[in-house]
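Convert by adding 2 to the 1-based position in the sequence shown; the result is the number in the numbering used here.
No residue lacks a Cβ here, since even glycine has one placed at the ideal position from N, Cα and C.
Okay, so here's the structure we're looking at.
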Amino acid sequence: MQNGQAKFLAFIDAAVDDANQGKAHALLQESFKAQQAGTFDYQAYLDMKDDLLALVKPDQKDQVEAAMNQFGDQLKKG
Numbered sequence: 003m004q005n006g007q008a009k010f011l012a013f014i015d016a017a018v019d020d021a022n023q024g025k026a027h028a029l030l031q032e033s034f035k036a037q038q039a040g041t042f043d044y045q046a047y048l049d050m051k052d053d054l055l056a057l058v059k060p061d062q063k064d065q066v067e068a069a070m071n072q073f074g075d076q077l078k079k080g
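See below:
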C-alpha cells in the first residue's frame, strides 16, 4: 500500500461507523490493488465512489465526497 493510500484509508476509518469499516476496507483494498495493477480507471472510480459513500457517516459525507472528487478529477484527466 502506498503512503497516499494509507492516509486515505485512515481518513475513511474516521468517516465510517465501526460496523462499516470492514466493508470500507474491502472496497478500498480492491481499488488499491486495481490501481497498482493499472486497471483502475474513471469508471471503476465512479462505481467504487457510490459504494463507499453509502458507508460514510452522514455528517462526514460532504468532506469524503470532496476528497474523492479531487482524486476522480485526476483520473479523468489521465
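If residue i sits next to residue j, beta carbons under 8 Å apart, how far is it from one beta carbon to the other, in whole angstroms?
i	j	result
A17	Q62	4 Å
F34	Q7	5 Å
L30	L48	Not confirmed; about 15 Å, so no contact.
In terms of DSSP beta bridges, what is residue i paired with?
i	result
V18	V58
Please report the distance separating the alpha-carbon of residue i from that of residue j.
i	j	result
P60	N22	13 Å
Q45	K51	10 Å
D43	D53	16 Å
N5	D20	23 Å
V58	G74	18 Å
Given a threshold of 16 other Cβ atoms within 10 Å of its Cβ, counted over all protein chains shown, does residue i qualify as buried or as exposed?
i	result
F13	exposed
A26	buried
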